[in-house]
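Student: Numbering (my numbering), first residue to last: 332 to 1029.
Using N, Cα and C, we set each Cβ at its ideal position, and we do this for glycine too.
I'd like to ask some things about the structure below.
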RNA sequence: GAGCAGUUAGCUCAGUGGUAGAGCACUUCGUUCACAUCGAAGGGGUCGCAGGUUCAAAUCCUGCACUGCUCACCA
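Take a look at the structure:
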């Protein structure tokens, strides 16, 4: 054996050994405990980032532990088509070639993206292997596998039949840059400084009132003003004739308590089509909605060119303000007005609320299912604070807009009748006739599902389509492990949709982990230049070292600050395992010593400690205890005692076998290298020629 | 504006009622046949502040300060 552990020589051949022996494929034996995790599917198109490596480390520790314990263990890998993310990346590529998505019809574009993704998806699988992920590749699923799509369609159809899906025109969050609507969750709110314009609205007889607004560009179509009924200043406003300063139309006055008399001048102009708040007021007061911003982000030509019709909002606003100023209708402009605006989570541009026909899921009954399951502890959160977060989300959901105006995704199986305009929903096949009027000319909706609508069905969609009997055997799965940033997007939706479709929760335990930060505790981002490439670290220090580093030094549920120093330290630890084994392999003595008893006693305690921590999902504590016990007890004390003749060589050998097993989930490669290719070729100590299949020492 | 966290050694973090801990960094020493990717020894913290409960508080309670994250329709 080499003097230092060489991860480069060992890792690939060890993963091959595992794969060749099918150690990751469960045997569906009756009457045994099961342990299963559905892997959060990484984006099929992208290389893994350091965040993926963290969940791999956590999940692989649990999976390997349970496999060694003798549970029938399944870790089901997958990849995600990641709708908008992937289409956006692809469009960027097109742009580099001087093309755009509009140069292709939807079928061609879909095919192009499909090929592009297929080309890249192998890299992700290869990287998961480099990280040592002991998942069952024979059960790998892609979110666009036909069988998966079929299940998603069935769910949609059932939701439709049970009236939990509706198509409606509502104000939705639309990104004019991405060219698609989003759900409320894809909108981020940022604080920004914008001018607040105080605009004079003339009275018909004489004088004027003043209205504060940040959106003067819509004034032309505005027809309603609102005041607080308690505001004495405007008690008689209703009897007065107020004119729109641009269109000269008469403004109608409504009273509503939502108006804050303290803000601005206490009068609000109502823009029903482009503001959620205003939409609500208008529904309440029966005010019609007029769309003024188009999906292209331009002011529509209901507004004359003079006032910005046909221009982008920014330019239209400039024009309108210039016109108003020319007419002396701007009283003042507050340039230091701070407010919060919605921006697209992806491209960071301003989200334009606008009315659109979209597919919505009614969330009330679904959320109730989820809430009940959590309250009844059918789904348990390992960390309580995240249970609070989940409950908070489930109690504050609006109807979920699931249609996206992109091609890369699962196309909505809805066909519109060309005669009666009713929708026919199927579970995938093209309907021959309208379900309402039997007319035979139908046109399919061009939108696709929100990616989260399909990934919200991932736990049962995968298990129902992998191998026969998988669903019955493994569902509900044992643990769902993912980062806290997608708790609202994914975790609560899996809970709701799974309960709705299968009547059962998708998983019993939710283990939420934190994000990776750099060594200063700073958020990792490309613009900061502090990204950590997991594969680079694997190549430099070895897979075991990176994995240990990722679960070391912070609680699983908290963010972890990852430094190269830390990973190097774990590399040293892997080397320590290697060298201790190298030392012990030459010790053949069989005699016993009086001190052995104390040794075995402590060894038992170590086994129990590590096991207990793993059983309660205390991954970092488990890692720390096995690290400390191996290095500072077994190596620093026990090996030294043995050298001095105060401990038998036999005890040391047996201790090493125990530690190799205890260490294996955390550092699978180096321990397997020792076991399979090194010291371990002594059958007396082994219940399995492959450590990954050896029996957990308890 | 609301919610949720956090504030412990130079740095990153553990520690939830009983004599302050780890990793890294630092200091000194060590070429004995596993490992210098090592070993031994050591320095360093009145556990954010102020009260309270208790025989006993980093740990429980109250208030305050600061930091972070998330949510949020006030024009």
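Per DSSP, which one or two residues make a beta bridge with residue 500?
Tutor: Bridge partners of residue 500: 688.
Student: Here's the rule: buried if 16 or more other CB atoms are within 10 angstroms of the residue's CB, otherwise exposed. What is residue 487?
Tutor: So residue 487 ends up on the buried side.
Student: Given a threshold of 16 other Cβ atoms within 10 Å of its Cβ, counted over all protein chains shown, does residue 951 qualify as buried or as exposed?
Tutor: That one is buried.
Student: I think residue 369 touches residue 797, with their Cβ atoms under 8 Å apart; what is that distance to the nearest whole Å?
Tutor: The Cβ separation is near 10 Å, so there is no contact.
Student: Sorted by chain position, which residues of the same chain lie with C-beta nearer than 6 Å to residue 901's C-beta, five sequence neighbours on each side aside?
Tutor: Contacts found: 876, 879, 880.
Student: If you run the structure through DSSP and keep just helix, strand and coil, what is residue 901?
Tutor: Correct three-state label for residue 901: helix.
Student: With DSSP as the reference, identify every bridge partner of residue 525, one or two as the case may be.
Tutor: For residue 525, which the question treats as bridged, DSSP gives the partners 668.
Student: Please classify residue 524 as buried or exposed, where buried requires at least 16 other C-beta atoms within 10 Å of its C-beta.
Tutor: With fewer than 16 Cβ atoms within 10 Å of its Cβ, residue 524 is classed as exposed.
Student: So, under 8 Å CB-CB, residue 272 and residue 894 are touching, yes? Tell me the CB distance rounded to an integer number of Å.
Tutor: This structure gives no information on residue 272, because the portion of the chain shown stretches from 332 to 1029.
Student: Can you list, in chain order, the residues of its chain whose CB lies under 7 Å from that of residue 630, leaving out five sequence neighbours each side?
Tutor: Here the set comprises 548, 623, 624, 639, 640, 641, 642, 644, 647.
Student: Using DSSP with H/G/I as helix, E/B as strand and the rest coil, what is residue 550?
Tutor: In this structure, residue 550 counts as helix in the three-state DSSP scheme.
Student: Quick one: Cα of residue 943 to Cα of residue 461, how far?
Tutor: Looking at the two C-alpha atoms, the distance is approximately 29 Å.
Student: Spell out a yes or no on whether the stretch 761-776 and the stretch 738-752 are touching, meaning 3 or more CB-CB pairs, one atom from each, closer than 8 Å.
Tutor: Yes, the stretch 761-776 touches the stretch 738-752.
Student: Suppose you measure from the CA of residue 980 to the CA of residue 929; what does that come to, to the nearest Å?
Tutor: Taking the straight line joining both Cα atoms gives about 14 Å.
Student: With a Cβ-Cβ cutoff of 7 Å, do residue 585 and residue 603 count as a contact?
Tutor: Contact flag unset, no.
Student: How close, in whole Å, do the beta carbons of residue 802 and residue 829 come, if the pair is a contact with beta carbons under 8 Å?
Tutor: No, residue 802 and residue 829 are not in contact; Cβ-Cβ is about 11 Å, not under 8 Å.
Student: Buried or exposed for residue 1024, going by 16 or more other Cβ atoms inside 10 Å?
Tutor: Result: exposed.
Student: Using 7 Å as the threshold, is the C-beta distance between residue 911 and residue 966 below it?
Tutor: Yes.
Student: Quick one: residues in its chain with C-beta nearer than 6 Å to the C-beta of residue 437, no 5 flanking neighbours on either side, listed in chain order?
Tutor: Cβ neighbours of residue 437 beyond the five flanking positions: 738.
Student: Going by C-alpha distance, which of 857, 725, 922, 600 is nearest residue 516?
Tutor: Of the listed residues, the one whose Cα sits closest to residue 516 is 725.
Student: Quick one: Cα of residue 859 to Cα of residue 402, how far?
Tutor: Roughly 44 Å between the two C-alpha positions.
Student: Specify, as a first and last residue, the run of the beta strand (DSSP E) that residue 616 falls within.
Tutor: Residue 616 -> not in any beta strand (DSSP E); alpha helix (DSSP H) instead, spanning 607-616.
Student: Just to check my reading of the structure: residue 1032 and residue 404 have Cβ atoms closer than 8 Å, yes? What is that Cβ distance to the nearest angstrom?
Tutor: Examination of residue 1032 is not possible in this model, given that the chain is present from 332 through 1029 alone.
Student: Short check: CB of residue 511 to CB of residue 736, under 7 Å?
Tutor: Result yes, Cβ atoms of residue 511 and residue 736 sit closer than 7 Å.
Student: Could you say if the stretch 425-437 and the stretch 344-362 meet the contact criterion of at least three C-beta pairs nearer than 8 Å?
Tutor: No, because fewer than three Cβ pairs between the stretch 425-437 and the stretch 344-362 fall closer than 8 Å, the two stretches do not touch.
Student: I'd like the list of long-range same chain contacts for residue 842, defined as Cβ closer than 6 Å, with 5 residues on each side in sequence excluded.
Tutor: Here the set comprises 713, 810, 812, 948.
Student: Which two residues bound the contiguous beta strand (DSSP E) that contains residue 403?
Tutor: From DSSP, the beta strand (DSSP E) with residue 403 extends over 403-407.
Student: Comparing alpha-carbon positions, which option in 669, 649, 685, 835 lies nearest residue 710?
Tutor: For residue 710, the nearest C-alpha among the options comes from 835.
Student: From this set, 472, 508, 501, which residue's C-alpha is nearest residue 626's C-alpha?
Tutor: The shortest C-alpha separation from residue 626 is found at 508.
Student: Inspect the beta-carbon positions of residue 634 and residue 590 and report whether they are closer than 7 Å.
Tutor: No, Cβ-Cβ distance for residue 634 and residue 590 is not below 7 Å.
Student: Let me know the secondary structure DSSP gives residue 782 once reduced to three states.
Tutor: Helix, per DSSP.
Student: Can you find the residues in the same chain that come closer than 8 Å, C-beta to C-beta, to residue 576, ignoring five residues on each side of it along the sequence?
Tutor: The answer, listed in chain order, is 530, 531, 532, 533, 550, 655, 658, 660.
Student: Is it the case that the stretch 378-393 contacts the stretch 452-471, given that we only count it when at least three CB pairs across the two stretches are under 8 Å?
Tutor: Touching, yes, given that three or more Cβ pairs across the two stretches are closer than 8 Å.
Student: Can you give me the Cβ contacts of residue 962 inside the same chain, cut-off strictly under 8 Å, excluding the 5 residues immediately before and after it?
Tutor: Excluding sequence neighbours, residue 962 sits near 904, 907.
Student: Helix or strand or just coil, what does DSSP make of residue 537?
Tutor: Reduced to three states, the DSSP call for residue 537 is coil.
Student: Is the Cβ-Cβ distance between residue 922 and residue 890 less than 7 Å?
Tutor: Not a contact, by the Cβ cut-off of 7 Å.
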